[in-house]
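So the structure is just underneath, and the comments pick up after that.
Chains as they are written, first to last, in my numbering: chain H, 1042 to 1219; chain W, 1158 to 1257.
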């Protein structure tokens, strides 16, 4: 019973926060709604026995990525415009709701099944969830882990190169003035 | 026990919310935030299947998705800063330099 109440709360608030994120006018309010969405999704991870992901979601998503967004938002001081939605947004809204309805019908009609793995909750709880995640990550997924490390290095270098203030010799003007 | 289809339905609803945000908003940063909503929806799906099928693979994929999201946010926001510094545009539909 408690599970249903918690799931209902987390699901409802995350859907509402998602809608607020794309519907509110002020970008800072959108960022705060996104924060609420991320925290409630982290709550869903706890219900799904993924404690390590819960911690990562709060530390990395809510703590780092969202602060980066809010930082850039306040750095650029975007002014809220009168027309903040796309000109043809009713068309997209209609298409989106239609696709969503079809998908929901499909979701509730699908019989879910498949081969069960070995990581049942009893096995995981013997050593602890974080231990299980670490063992899996550094044995089966070691190559992927290294690739992600190189990817993040590339992303950092790319971001620095892009956002660097251009210095150095001023290029000669090519066009003739007057 | 909550049925798996409830989690999948929640994930679809959040994904479509994010997709609509990408399509209908004009502000750069809100578009990137909508991408984050979509990534979170995918994460819910992965972790739900991981739990119901007693496997660690979904949780691993969700962890890597979070890492990719961090890289995407860094590079996307750097591009936004460049675009704003050059005073090229303030909205997504005004960036049409590469439009054919």
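Backbone N, C-alpha and C define an ideal beta-carbon position, used for all residues, glycine too. Keep in mind that this is a model prediction, so the values were computed, not measured.
Contact holds between the region 1165–1172 of chain W and the region 1196–1211 of chain W, because three or more Cβ pairs, one in each stretch, are under 8 Å apart. Residue 1201/W: member of the alpha helix (DSSP H) spanning 1185–1209, first to last residue. Residue 1160/H belongs to the set of residues whose beta carbon lies under 8 Å from a beta carbon in chain W. Among the residues of chain H, none has a CB under 8 Å from the CB of residue 1243/W; the nearest is roughly 10 Å distant. Contact annotation: residue 1178/W and residue 1162/W have beta-carbon atoms that are not nearer than 8 Å. Under the Cβ distance rule, residue 1252/W does not count among the residues neighbouring chain H, no pair being separated by less than 8 Å. Rounded to whole angstroms, the Cβ separation of residue 1107/H and residue 1079/H is 7 Å, and the two are in contact under 8 Å. Fewer than three pairs of CB atoms, one per stretch, sit closer than 8 Å, so the region 1182–1194 of chain H makes no contact with the region 1156–1174 of chain H.
Contact annotation for residue 1067/H against chain W: no contact, minimum CB-CB distance about 10 Å [criterion: below 7 Å]. Using a CB distance cut-off of 8 Å, residue 1101/H counts as an interface residue toward chain W. Beta-bridge analysis with DSSP links residue 1182/W to 1126/H. Proximity of the region 1137–1150 of chain H to the region 1046–1064 of chain H falls short of the contact definition, fewer than three beta-carbon pairs being nearer than 8 Å. It is roughly 12 Å from the alpha-carbon of residue 1046/H to the alpha-carbon of residue 1158/W. Residue-level contact by beta carbon fails for residue 1171/H and chain W, as no gap is shorter than 8 Å. Within 8 Å of the CB of residue 1139/H, no CB atom of chain W is found; the nearest one sits about 10 Å away.
Considering only 1086/H, 1051/H, 1101/H, the residue with the shortest C-alpha distance to residue 1077/H is 1051/H. Residue environment: residue 1139/H is assigned as exposed (fewer than 16 neighbouring CB atoms within 10 Å of its CB, all protein chains considered). The distance from the Cβ of residue 1219/W to that of residue 1094/H is about 6 Å, consistent with a contact at the 8 Å cut-off. With three or more CB-CB distances shorter than 8 Å, the region 1194–1203 of chain H counts as touching the region 1228–1238 of chain W. By the Cβ neighbour-count rule, residue 1098/H is buried, with 16 or more other Cβ atoms within 10 Å of its own. With at least 16 other beta carbons inside 10 angstroms of its own, residue 1209/W counts as buried. Pairing residue 1193/H with residue 1216/W, the inter-Cα distance amounts to about 19 Å. In the DSSP annotation of this structure, the continuous segment of the alpha helix (DSSP H) that includes residue 1108/H starts and ends at 1107–1117. Distance from the CA atom of residue 1125/H to the CA atom of residue 1231/W, rounded to whole angstroms, is 24 Å.
For residue 1224/W, the uninterrupted alpha helix (DSSP H) run begins and ends at 1214–1242, by DSSP.
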